[in-house]
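The opening position of the sequence shown corresponds to residue 136 in our numbering, with each subsequent residue numbered one higher. The beta carbon of each residue, even a glycine, is placed where N, CA and C say it ideally should be.
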Amino acid sequence: MSLKDHLLARIAQDGPMSVADYMTECLLHPTHGYYTTRDPLGAQGDFITAPEISQMFGELIGLSLAQSWLDQGHPERFVLAELGPGRGTLMADMLRATARVPGFLDAAEVVLVEASPTLRDIQAETLKDHNPRWIDSVADLPDAPLFLVANEFFDVLPIRQFLRDGDGWRERLIGLDGDALTWGLGPLGEQVALKDRLDDTRDGDLVELCTAAIPIITVIAGRIGTHGGAGLIVDYGDWHSQGDTFQALQAHERTDPLALPGQADLTAHVDFEPLALATRAAGCAHSRLTPQGVFLERLGITTRAQILAEPLGGSELEALTAAHHRLTHPEEMGNLFKVLALYPTPSSPPPGLEP
Ligand code: SAH
Numbered sequence: 136m137s138l139k140d141h142l143l144a145r146i147a148q149d150g151p152m153s154v155a156d157y158m159t160e161c162l163l164h165p166t167h168g169y170y171t172t173r174d175p176l177g178a179q180g181d182f183i184t185a186p187e188i189s190q191m192f193g194e195l196i197g198l199s200l201a202q203s204w205l206d207q208g209h210p211e212r213f214v215l216a217e218l219g220p221g222r223g224t225l226m227a228d229m230l231r232a233t234a235r236v237p238g239f240l241d242a243a244e245v246v247l248v249e250a251s252p253t254l255r256d257i258q259a260e261t262l263k264d265h266n267p268r269w270i271d272s273v274a275d276l277p278d279a280p281l282f283l284v285a286n287e288f289f290d291v292l293p294i295r296q297f298l299r300d301g302d303g304w305r306e307r308l309i310g311l312d313g314d315a316l317t318w319g320l321g322p323l324g325e326q327v328a329l330k331d332r333l334d335d336t337r338d339g340d341l342v343e344l345c346t347a348a349i350p351i352i353t354v355i356a357g358r359i360g361t362h363g364g365a366g367l368i369v370d371y372g373d374w375h376s377q378g379d380t381f382q383a384l385q386a387h388e389r390t391d392p393l394a395l396p397g398q399a400d401l402t403a404h405v406d407f408e409p410l411a412l413a414t415r416a417a418g419c420a421h422s423r424l425t426p427q428g429v430f431l432e433r434l435g436i437t438t439r440a441q442i443l444a445e446p447l448g449g450s451e452l453e454a455l456t457a458a459h460h461r462l463t464h465p466e467e468m469g470n471l472f473k474v475l476a477l478y479p480t481p482s483s484p485p486p487g488l489e490p
């Protein structure tokens, strides 16, 4: 049975499903899920991420975390974790760059939170010299100082969408039209989680809620607040986002999210405001939300690019220049992507970020 047939049968039996349920089925269904069955990254795949664009991204992130480790008195044992490590490229670049920081790697236990068996296999190959350990959920992170990175992880977590109707809300649902999937709206109701949003929205506006993100950020903030460490959350999105940002990408092009379930990447912009609120509620500090381009420039990406450029010429030099531009320029990823750091209350944020 194809994933589409499975979804049609599920909706026929249980009624229309939320965007969140649809995302979970499409991305992580055990046999047909998009991430469960393939490596979607790179030029041959559906999308490309910052660490796949250039080694500079992971190097600078690794060094920012290592400096934060030094600033916090270099704890002799800590967890170096990544959420959704894709091909393991970011972690590999972090480990290579931080190998020059005395004591850092000896003190680190590398822990990867990854749902996809296919991607776990690729990560195992990429990181075979570093003895990583995989866990299914952040709840399984050890009670220890935690230095963590998550790049393009929160944008794949399932969201729900609500359309304002008067002083109430209707959930956007996916139902059936014959044997096709189609959009519909649920019944009018109140939504406790959206009470504050009645102040800044109007009739017909759409808001998104990523409830799955809250327990995850709460655990991370709790570990960092209690044991020390730092978290760098990098993703596309903004503070207090509004409107429909649900999108599907296939072969680097946007497609209809309902057209090919399980065969396209499904994401939504990350709303960093509830992540920041949950961080504070868990007793942890967070930085100002900072554009990726600003963060990388502050960490010295231009100097790093110049050093890497020295032996290069021709197309290799062009590729390096293009990668630098793509990661930092405001009209490329520089502004669309943002960084939020989590850090324990008495210390400072990791380099590149402000309190
Ligand atoms: N961080 C990588 C890959 C981003 S793609 C990079 O920057 O290149 C999203 C990653 O999150 C994939 O590794 C995917 O398998 C993983 N993932 C998606 N949902 C997940 C979940 N619920 N739990 C753990 N990993 C998940």
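Starting from L292 and walking both ways along the beta strand (DSSP E), at which residues does that stretch end? For the purposes of this step, residue 292 is taken as the residue at position 157 of the sequence shown. No beta strand (DSSP E) holds L292; DSSP gives it neither H nor E.
Beta-carbon proximity of A417 to G487, cut-off 7 angstroms: Taking the first residue of the sequence shown as 1, we reach residue 417 at position 282. Taking the first residue of the sequence shown as 1, we reach residue 487 at position 352. Contact: no.
In chain order, what residues of the same chain lie with their CB nearer than 8 angstroms to the CB of L323, ignoring the 5 residues before and after it? Position 188 of the sequence shown holds residue 323. Counting only Cβ-Cβ distances below 8 angstroms, and skipping sequence neighbours, we find D300, G301, G303, W304 and R305.
Return the chain-ordered list of same chain residues with a C-beta closer than 8 angstroms to the C-beta of P175, the five sequence neighbours on each side being excluded. Numbered from 1 along the sequence shown, position 40 holds the residue referred to as residue 175. Here the set comprises Y169, D181, F182 and D400.
Would you call the segment 344 to 357 in contact with the segment 377 to 389, where contact means no fewer than 3 C-beta pairs closer than 8 angstroms? no
Starting from I270, trace the beta strand (DSSP E) in both directions and tell me its first and last residue. Start at 1 with the first residue of the sequence shown, and residue 270 comes out as number 135. It spans R268 to I270 - the beta strand (DSSP E) in which I270 sits, taken as one unbroken run.
Helix, strand or coil for S153 per DSSP? Indexing the sequence shown from 1 puts residue 153 at position 18. DSSP places S153 in strand when its eight states are reduced to three.
State the Cα-Cα distance for the pair T184 and Y371, rounded to the nearest angstrom. The sequence position of residue 184 within the sequence shown is 49, counting from 1. The sequence position of residue 371 within the sequence shown is 236, counting from 1. Cα to Cα, the separation comes out at about 11 angstroms.
Alpha-carbon spacing of I257 relative to D228, whole angstroms: What you label residue 257 is simply residue 122 of the sequence shown in a count that begins at 1. What you label residue 228 is simply residue 93 of the sequence shown in a count that begins at 1. Computed Cα separation, rounded: 15 angstroms.
Pick from E160, E211, T172 and V474: whose alpha carbon is nearest that of G238? Residue 238 sits at position 103 when you count from the first residue of the sequence shown. Among E160, E211, T172 and V474, the Cα nearest to that of G238 is on E211.
Reduced DSSP category for H375 - H, G, I as helix; E, B as strand; rest coil: The residue labelled residue 375 in the question sits at position 240 within the sequence shown. Looking at H375 - three-state DSSP - the assignment turns out to be coil, as it is neither helix nor strand.
Of all the beta strand (DSSP E) runs that stay within the bounds of the segment 279 to 351, which reach a length of 3 or more residues? 281 to 286, 295 to 300, 303 to 312, 315 to 320 and 341 to 344
I need the boundaries of the alpha helix (DSSP H) containing D256, first residue and last residue. To locate residue 256, count along the sequence shown from 1; it is residue 121. P252 to T261 is the extent of the alpha helix (DSSP H) around D256.
Roughly how many angstroms separate the alpha carbons of V246 and D314, rounded to a whole number? The residue given as residue 246 occupies position 111 in the sequence shown. The residue given as residue 314 occupies position 179 in the sequence shown. Their Cα atoms are separated by approximately 43 angstroms.
For the structure I just gave you, are there three or more beta carbon pairs, one from the segment 187 to 206 and one from the segment 215 to 234, closer than 8 angstroms? yes
Boundaries (first-last residue) of the beta strand (DSSP E) holding D400: Here residue 400 corresponds to residue number 265 of the sequence shown, with the count starting at 1. It spans D400 to T402 - the beta strand (DSSP E) in which D400 sits, taken as one unbroken run.
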